[in-house]
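Q: Residue numbers (the working numbering): 26 to 515.
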RNA sequence: GGUCCUGUGGCCGAGUGGCUAGGCUCAGGUCUGCAAAACCUGCUACAGCGGUUCGAAUCCGCUCGGGACCUCCA
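1) Let me make sure I understand the geometry here. Which of 381, 28, 249 and 478 has the alpha-carbon closest to that of residue 435?
2) Find the nearest neighbour of residue 145 within the set 122, 171 and 94, judged by alpha-carbon distance.
3) From residue 30 to residue 332, what distance separates their C-alpha atoms?
4) One question on the structure: do residue 89 and residue 83 come within less than 8 angstroms of each other, judged by their Cβ atoms?
5) Whose CA, out of 73, 116 and 195, lies closest to the CA of residue 142?
6) From the DSSP output, in three-state form, read off residue 125 for me.
7) Using the Cβ count rule (16 or more neighbours within 10 Å means buried), how would you classify residue 118?
8) For the alpha helix (DSSP H) containing residue 184, list its first residue and its last residue.
9) By how many angstroms is the C-alpha of residue 357 removed from the C-alpha of residue 455?
10) Using the C-alpha atoms, what's the distance from residue 417 back to residue 369?
11) DSSP three-state call for residue 268: helix, strand or coil?
12) Looking at the unbroken alpha helix (DSSP H) that takes in residue 40, where does it start and where does it end?
13) Under 8 angstroms between the Cβ atoms of residue 468 and residue 344?
14) State the Cα-Cα distance for the pair residue 509 and residue 442, rounded to the nearest angstrom.
15) Can you round the beta-carbon distance between residue 421 and residue 372 to whole angstroms, since I take them to be within the 8 angstroms contact cut?
16) Residue 496 to residue 334, Cα distance in whole Å?
17) Where residue 105 and residue 151 are concerned, what is the direct C-alpha to C-alpha distance, given to the nearest angstrom?
18) Compute the Euclidean distance between the alpha carbons of residue 103 and residue 336, then round it to the nearest angstrom.
19) With respect to the alpha helix (DSSP H) encompassing residue 19, which residues constitute its N-terminal and C-terminal limits?
20) Grab me the residues of residue 326's own chain with a C-beta within less than 7 angstroms of its C-beta, minus the 5 sequence neighbours each way, in chain order.
21) Taking the alpha carbon of residue 319 as the reference point, which residue from 138, 217, 79 and 177 has its own alpha carbon closest?
22) Just to confirm the assignment, what range does the alpha helix (DSSP H) spanning residue 493 have?
23) So for residue 217, helix, strand or coil by DSSP?
24) Alpha carbon to alpha carbon, what distance is there between residue 349 and residue 280?
25) Throw me the rounded Cβ distance for the residue 267 and residue 53 pair, which I believe falls under 8 angstroms.
26) Consult DSSP for residue 93 and reduce its assignment to one of helix, strand or coil.
27) Decide if residue 192 is buried, meaning its Cβ has at least 16 other Cβ atoms within 10 Å, or exposed.
28) Cα separation between residue 113 and residue 232?
29) Rounding to the nearest angstrom, what Cα-Cα distance links residue 45 and residue 248 in this structure?
30) Could you tell me whether the segment 177 to 197 touches the segment 223 to 230, using the rule of 3 or more Cβ pairs below 8 angstroms?
31) Using a Cβ distance threshold of 8 angstroms, determine whether the segment 283 to 302 contacts the segment 236 to 252, with at least three qualifying pairs required.
32) Identify the residues that DSSP records as bridge partners of residue 299: which are they?
33) For residue 477 and residue 488, what's the separation of their Cα atoms in angstroms?
34) Given that a residue counts as buried once 16 or more other Cβ atoms are within 10 Å of its Cβ, and exposed if not, what is residue 292?
35) Classify residue 297 as buried or exposed, calling it buried when 16 or more other Cβ atoms lie within 10 Å of its own Cβ.
36) Where DSSP assigns a beta bridge to residue 402, which residues make up the other side?
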């Protein structure tokens, strides 16, 4: 397969030519949400980033197995020492069965993905569906000597592991430096070493989500689910692992350690990390109180929002920045994106009505290639958009008659927009649909007021002409004391 | 405190040694009965200081500012 894709590999800190393990096939794993609350926009950015990665790999002709998990066992909360997890905590709070919490927020997550036109992964495995596999992997790690049982819990032995494999390679951390900076956590006295992390935690009676295991009743640790589900569906080594920048340490670092500890294989060829969405320069996060839910964003019903924005405006806005850079959210930036997006949609609507010429004075072929090479350069969507805007200018100029294109070039332009705007960037044209009931209503108001004006002027020729014209397209007008109403009987 | 990232014009945001990013805003123009749209032209840049180089936003050093991770987090 001919392609020239480069990916910035977080673990080597440089762009590398992408070569899949199996020609023609790509294994892609992305850390999904923990379903204990509504996803906010920052989460959406990451999933959108990897949606574009997935879409582009498919566009290139790869058969992609895309795995994105659902974390439905809450990780331990950082600020409590009772071993309670987030989902169980939420369940108690809302008086629900933990799986009700999981179901509720999983449904919500799927709704949000659909709204933003984020494609479904090939497999969406859940942590609770893979408890047995997690136990098995923990047993493998223990028998390889990289983990130990202590008081019903199992911990990963970082120091022993580090003697054979480098721990901290991904996040650039040095094991000795970590000692001075490690916070006191629950179960510290059970660990042989403060850096060790839990693979399995013993559960007490009050714990809601728990399973039987060789070490007693408990629940899986922070990081093991991703190691298990990625290797189960993609193999001991696979091509691309994605996730948010904030998961790099400790989550992804621990994943690598667990995989190496269990299988002896370096699990991931290309690590990709999406950067954070910021609000006034600060990471958008639940704990900061600066996150929006998609609903608040669309309705504009939030104190930090001037108005609502459509999902595609937001998608467009995200794509205007590179995934590896932080992106700052502001009303001004959103409004700029909205205008640009609408301008592009307007040009798209013209694309089907252009008049072809016998020759072209714009190289559509080169323009198309520029779009491809921008995507090949580590999924540089802002550059792709800048090229698409050049296309917008050309479309408008052709319409005006100042630029000419041949029929073949117009066709290539359509193909290119179809490929990049719709298929790869995953945008949809929200402008100018014909079945827009809101638009119909507005149009009818305009027509009716014109007709009423004509009537008021006793210009019945005009008012009747309007009524007859509307009747001809099955729109019936009714005058009454209260005013004029209309019905469509088509 | 440790590790790492970052600082581009009114706003957002690409760009890693020389060649126009782009969007939004603003000003002028073309078109137009008016308006809008569209198109054309223009404006305000590379945090500061020093260094390397024929040449730096881009490499190096220092200073100042912002951020992320080090604890669950997309």
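Where is the CB? At the ideal position from N, CA and C, for every residue including glycine.
None of these values were measured; they are calculated from a predicted model.
A: In terms of the structure at hand:
1) Position 410 of the first chain, counted from the first residue, corresponds to residue 435. If we check each option's Cα against that of residue 435, 381 comes out closest.
2) In the first chain, residue 145 corresponds to position 120, counting from 1. Selected option, being the one with the closest Cα: 94.
3) Here residue 30 refers to the residue found at position 5 of the first chain. Here residue 332 refers to the residue found at position 307 of the first chain. Computed Cα separation, rounded: 39 angstroms.
4) The residue you call residue 89 lines up with position 64 of the first chain. The residue you call residue 83 lines up with position 58 of the first chain. In this structure, residue 83 lies closer than 8 angstroms to residue 89 by Cβ.
5) Here the question's residue 142 lines up with position 117 in the first chain. Ranking the options by Cα distance to residue 142, first place goes to 73.
6) For the purposes of this step, residue 125 is taken as the residue at position 100 of the first chain. If DSSP states are grouped into helix, strand and coil, residue 125 belongs with the helices.
7) Reading the first chain from its first residue, position 93 is the one you call residue 118. With fewer than 16 other Cβ atoms within 10 Å, it is exposed.
8) Within the first chain, residue 184 is the residue found at index 159, counting from 1. Taken as a continuous stretch (DSSP letters only), the alpha helix (DSSP H) holding residue 184 covers 183 to 189.
9) Position 430 of the first chain, counted from the first residue, corresponds to residue 455. Position 332 of the first chain, counted from the first residue, corresponds to residue 357. Computed Cα separation, rounded: 21 angstroms.
10) Counted from its first residue, the first chain places residue 369 at position 344. Counted from its first residue, the first chain places residue 417 at position 392. Distance between the alpha carbons of residue 369 and residue 417: 6 angstroms.
11) Locating residue 268 in the first chain gives position 243, counting from the first residue. Three-state DSSP puts residue 268 in a strand.
12) Here residue 40 corresponds to residue number 15 of the first chain, with the count starting at 1. Here residue 40 belongs to no alpha helix (DSSP H); instead the beta strand (DSSP E) covers 39 to 42.
13) Mapped onto the first chain, residue 468 falls at position 443. Mapped onto the first chain, residue 344 falls at position 319. No.
14) Within the first chain, numbered from 1, the residue matching residue 509 stands at position 484. Within the first chain, numbered from 1, the residue matching residue 442 stands at position 417. Cα-Cα distance, rounded: 43 angstroms.
15) To locate residue 421, count along the first chain from 1; it is residue 396. To locate residue 372, count along the first chain from 1; it is residue 347. Right, the Cβ-Cβ distance comes to about 6 angstroms (below 8 angstroms), so this counts as a contact.
16) Taking the first residue of the first chain as 1, we reach residue 496 at position 471. Taking the first residue of the first chain as 1, we reach residue 334 at position 309. Roughly 36 angstroms between the two C-alpha positions.
17) Taking the first chain and counting its residues from 1, the one referred to as residue 105 is at position 80. Taking the first chain and counting its residues from 1, the one referred to as residue 151 is at position 126. Because residue 105 carries a pLDDT of 42, less than 50, the predicted location of this residue cannot be relied on, and the following value inherits that uncertainty. Answer to the nearest angstrom: the Cα atoms are 25 angstroms apart.
18) Working through the first chain from its first residue, we reach residue 103 at position 78. Working through the first chain from its first residue, we reach residue 336 at position 311. In this predicted model, residue 103 has a pLDDT of only 44, less than 50, meaning its place in the structure is not dependable enough to derive any value.
19) Shown here, the chain extends from 26 to 515; a query on residue 19 therefore has no answer.
20) As a first step, residue 326 is located in the first chain; it is residue number 301 there, counting from the start. None.
21) Taking the first residue of the first chain as position 1, residue 319 is located at position 294. Closest by alpha carbon: 138.
22) Position 468 of the first chain, counting from 1, holds the residue named residue 493. Start and end: 485 to 497.
23) Residue numbering aside, residue 217 sits at position 192 when the first chain is read from its first letter. Note: residue 217 maps to coil in three-state DSSP.
24) Along the first chain, one-based indexing puts residue 280 at 255. Along the first chain, one-based indexing puts residue 349 at 324. Cα-Cα distance, rounded: 21 angstroms.
25) By 1-based counting over the first chain, the position of residue 267 is 242. By 1-based counting over the first chain, the position of residue 53 is 28. That pair is a contact at about 7 angstroms.
26) Here residue 93 refers to the residue found at position 68 when the first chain is read from its first residue. In this structure, residue 93 counts as strand in the three-state DSSP scheme.
27) Locating residue 192 in the first chain gives position 167, where the first residue counts as 1. Buried, by the Cβ-count rule.
28) Here residue 113 refers to the residue found at position 88 of the first chain. Here residue 232 refers to the residue found at position 207 of the first chain. Cα-Cα distance, rounded: 7 angstroms.
29) Within the first chain, residue 45 is the residue found at index 20, counting from 1. Within the first chain, residue 248 is the residue found at index 223, counting from 1. Their Cα atoms are separated by approximately 25 angstroms.
30) yes
31) yes
32) The residue you call residue 299 lines up with position 274 of the first chain. Looking at the DSSP assignment, residue 299 forms a beta bridge with 269.
33) Walking along the first chain from the start, residue 477 turns up at place 452. Walking along the first chain from the start, residue 488 turns up at place 463. Taking the straight line from one Cα to the other gives about 7 angstroms.
34) Taking the first chain and counting its residues from 1, one reaches residue 292 at position 267. It counts as buried.
35) Translated into the one-based positions of the first chain, residue 297 becomes position 272. Under this definition residue 297 is a buried residue.
36) Mapped onto the first chain, residue 402 falls at position 377. BP columns for residue 402 point to 31.
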